[in-house]
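A.B. asks: What follows is a structure written as structure tokens; I'll ask about it next.
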Amino acid sequence: MLGTSPGSGSPSHVAAACLVILIACTGLPPAAGGELFDTNFDEFPVGADQWAGVPATLPPCNAPFCGPDPWNWCANNAGRMVHGIDPDQLNGLGQTAYLGPDTPCTTDVLVYRRFDHDPFTEGTARIQVDTQIAIAPSRNGYDDSFFISFFNIANEYLGGLRFVNEPGPYYGIWRLDGVNEFQTVSQHVPGSPGVIFIDIDMENNRWSAFYLGTTIFANRTFTSTGYDLDLGSVAFEWQIHDPMAANHGDNWMQIADFCVFAVPVGEPTPTVESVTLDPNGYPVLTFTGEPGWDYQIQYSNSLVGIWRTDLPGSFFTGIDPKQTLTYTDTTTRQPAGRYYRIERTATP
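Here this note's numbering is used: the first residue of the sequence shown is 81, the next is one more, and so on.
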């Protein structure tokens with residue numbers, strides 16, 4: 081573990097999942113949740129120091145330097161050409177971000193992005209990270225480690241993944257909980273890009289990780305630190321094993337894609353309690369809502385063409401846990417009936 085605390089903003093995008101109500105109910109897969117950040121680095125300028133930005137004046141080695149909008153990445157060792165954007169290092173994957181292999185002025189090098197996302201106040205206590213990385217082996221006799229690390233809003237280290245690049249019994253992917261390190265049976269393929277998927281359940285302090293579609297570990301303790309569980313920042317880090325930064329490996333990490341999602345807590349699909357008619361013959365829909373989700377009643381008079389969203393009072397937001405939601409359609413219906421569905425989207 082590096083233990084280096086990173087030094088803000090988080091754009092939002094939502095995806096939807098629908099539940100169709102045709103007197104009986106049919107569920108579709110749940111929404112992916114709110115997208116906090118997504119980049120393939122193709123929009124970044126190419127060159128050394130372009131990941132976090134080029135400082136106008138050279139800052140101290142370990143001082144964080146944060147670049148401009150819209151990327152808002154921060155880094156230490158800014159201006160030392162040890163991180164940046166490469167045009168096509170991973171053949172066909174487009175631009176990638178990189179750490180190493182030039183000489184830094186500290187043995188711990190990190191680039192991070194702040195989110196300052198409180199999953200509990202926003203009802204999104206599951207965080208998912210989807211990234212594609214490659215770690216090149218050393219050829220100069222020195223071998224180092226690379227990390228994907230998580231910090232809370234207070235800049236306290238929570239846990240992460242460590243990629244030990246030293247050949248031998250310690251080579252491979254390690255799980256860190258902020259206190260202990262655990263070797264897994266998974267090993268990264270030298271120099272070859274592979275997708276890393278991380279799923280963190282902050283409500284229960286558990287997490288799982290996957291590499292190249294296989295499980296690294298599942299349902300393990302995320303952090304043993306006792307620190308607040310929220311998402312302050314995610315960092316990519318390079319730790320030089322030798323106490324002298326000059327004695328670093330000529331290994332490096334490439335990052336081709338980086339996506340972070342905040343997934344609302346709740347049932348896999350909205351739970352519909354009933355679809356009935358009131359004494360006046362109006363249909364009444366009753367279902368269970370969850371925090372972090374918005375709900376929109378949609379309807380169709382034929383199941384052909386557009387699903388409409390213009391029913392008065394048919395949008396629900398600001399939901400309490402396990403809140404029972406009821407909607408009565410008092411508009412004029414066709415004699416043949418009407419079809420309803422509930423669209424559930426992550427609250428922005």
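The beta carbon of each residue, even a glycine, is placed where N, CA and C say it ideally should be.
Whole angstroms is fine: what's the gap from Asp118's alpha carbon to Ser313's?
C.D. replies: Approximately 14 Å between the Cα atoms of the pair.
A.B. asks: On a Cα-Cα basis, can you pick out the residue from Gln212, Arg206 and Asn285 that is closest to Tyr291?
C.D. replies: Gln212
A.B. asks: Which value, in whole angstroms, describes the spacing of the CA atoms of Gln403 and Val269?
C.D. replies: 47 Å
A.B. asks: Just curious, the beta strand (DSSP E) that Leu311 is in, first and last residue?
C.D. replies: Per DSSP, Leu311 belongs to the beta strand (DSSP E) from Leu311 to Gln319.
A.B. asks: In three-state terms, what does DSSP make of Val163?
C.D. replies: The sequence shown places His at residue 163, not Val. In the three-state reduction of the DSSP assignment, His163 falls in the strand class, which pools E and B.
A.B. asks: I'd like to check one pair, Pro359 with Ile399: are the Cβ atoms closer than 8 Å?
C.D. replies: no
A.B. asks: In the structure shown, what three-state DSSP assignment does Trp387 receive?
C.D. replies: coil
A.B. asks: Taking the alpha-carbon positions, what's the Leu241 to Ile253 distance?
C.D. replies: Straight across, the Cα-Cα distance linking Leu241 with Ile253 is about 7 Å.
A.B. asks: Counting beta carbon pairs with one atom in the stretch 168-185 and one in the stretch 318-333, are three or more of them shorter than 8 Å?
C.D. replies: yes
A.B. asks: Hey, out of Ala342, Asn327 and Phe395, whose CA is closest to Asp188's CA?
C.D. replies: Closest in C-alpha terms to Asp188, from the list Ala342, Asn327 and Phe395, comes Asn327.
A.B. asks: So does the stretch 299-311 actually touch the stretch 165-181, counting three or more Cβ pairs closer than 8 Å?
C.D. replies: no
A.B. asks: Exposed or buried, what is Ala342 when buried is set at 16 or more other beta-carbons lying within 10 Å of its beta-carbon?
C.D. replies: buried
A.B. asks: If you draw a straight line from the alpha carbon of Phe145 to that of Phe302, how long is it in whole angstroms?
C.D. replies: 28 Å
A.B. asks: Which value, in whole angstroms, describes the spacing of the CA atoms of Asn152 and Gly127?
C.D. replies: Cα to Cα, Asn152 sits roughly 17 Å from Gly127.
A.B. asks: So, is Thr106 buried or exposed, given that buried needs 16 or more other C-beta atoms within 10 angstroms?
C.D. replies: The predicted position of Thr106 is uncertain, since its pLDDT is 23 and thus under 50; no value can be drawn from it.
A.B. asks: Could you give the first and the last residue of the continuous beta strand (DSSP E) run that contains Asn299?
C.D. replies: Its beta strand (DSSP E) spans residues Thr294 to Thr301.
A.B. asks: Got a sec? Which residues, its chain only, sit under 7 Å from Gly180 by beta carbon, not counting five neighbours each side?
C.D. replies: Once the five neighbours on either side are set aside, the close Cβ partners of Gly180 are Val162, Trp318, Asn331, Trp332 and Met333.
A.B. asks: Grab me the residues of Tyr362's own chain with a C-beta within less than 7 Å of its C-beta, minus the 5 sequence neighbours each way, in chain order.
C.D. replies: Thr408, Asp409 and Thr410
A.B. asks: Exposed or buried, what is Pro249 when buried is set at 16 or more other beta-carbons lying within 10 Å of its beta-carbon?
C.D. replies: exposed
A.B. asks: Can you check which of these residues, Leu357, Pro344 and Gly133, is closest to Asp198 by C-alpha distance?
C.D. replies: Pro344
A.B. asks: Near Thr397, what residues of its chain come up, given a Cβ to Cβ distance below 7 Å and the 5 sequence neighbours on each side ignored?
C.D. replies: Asp374 and Thr427
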